[in-house]
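Working notes for the structure below.
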Amino acid sequence: SEADKQCACGHQLTLMEQDSSEKLKFVPAQISVIEHVRLKYRCKHCDTKGTQANIKQAPVPAPKGFATPSLLSQLITSKYQYALPLYRQETLFKQYGIELSRQTMSDWMMKSAALFKPLYDLLHQHLLTQGVLHADETTLKVINDERVMGLLLRCG
Numbered sequence: 001s002e003a004d005k006q007c008a009c010g011h012q013l014t015l016m017e018q019d020s021s022e023k024l025k026f027v028p029a030q031i032s033v034i035e036h037v038r039l040k041y042r043c044k045h046c047d048t049k050g051t052q053a054n055i056k057q058a059p060v061p062a063p064k065g066f067a068t069p070s071l072l073s074q075l076i077t078s079k080y081q082y083a084l085p086l087y088r089q090e091t092l093f094k095q096y097g098i099e100l101s102r103q104t105m106s107d108w109m110m111k112s113a114a115l116f117k118p119l120y121d122l123l124h125q126h127l128l129t130q131g132v133l134h135a136d137e138t139t140l141k142v143i144n145d146e147r148v149m150g151l152l153l154r155c156g
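Quick note on numbering: full-length UniProt numbering labels position 81 of the sequence shown as 81, and the sequence is numbered without any gaps.
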């Protein structure tokens with residue numbers, strides 16, 4: 001206001017300099033529903049001959065499911081990079097008003113993993129050609145399980 005730009009002595013204050021700073025703003029995750037259209041193609045020639053039509057459609061990680069690639073990547077990253085179990089992710093989704101069972105999330109993750117199988121196989125073949133492989137044999141405590149177990153994981 002004009003009153004803020006006046007000195008106690010009654011004279012007008014003049015701009016001397018401008019201070020600038022950056023602040024971090026947190027925007028919580030947003031979940032939205034999008035309409036996804038996939039085109040289906042068929043052979044009309046096969047239809048007229050009475051043979052079984054060859055229908056082609058673009059592949060998706062979770063057929064007949066409502067998971068987008070971004071949701072799947074969020075689930076996978078949260079579980080494996082940030083060690084956030086599916087039961088906790090289920091709770092987080094409930095806070096957004098979304099009923100998403102851990103069984104459904106687990107199914108989606110297995111279907112997504114199947115899509116990466118060819119890449120995994122290529123990496124595995126590459127590892128087998130190496131002269132030396134390093135291993136981390138650190139044990140991991142499993143919740144409420146007293147058995148000593150080992151698990152072989154390959155990262156490359």
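All C-beta atoms in this analysis are idealised placements derived from N, C-alpha and C, irrespective of residue type, glycine included.
Fully contained in the segment 72-145 are the following alpha helix (DSSP H) runs of length 4 or more, in chain order: 86-95, 102-115, 117-128. At the C-beta level, Met105 and Leu75 come within 7 Å of one another. In the structure shown, Lys23 falls within a coil segment according to DSSP collapsed to helix, strand and coil. Under the 10 Å beta carbon count, Leu128 is surrounded by fewer than 16 other beta carbons and is classified as exposed.
The DSSP-derived three-state label of Lys40 is strand. Counting C-beta pairs with one atom in each stretch, the segment 101-116 and the segment 73-87 have three or more that are closer than 8 Å, which means they touch. Looking from the CA of Gln103, the closest CA among Arg88, Asn144, Val33, Ala114 belongs to Arg88. Counting the other CB atoms within 10 Å of its CB gives Pro61 a total of 16 or more, which places it among the buried residues.
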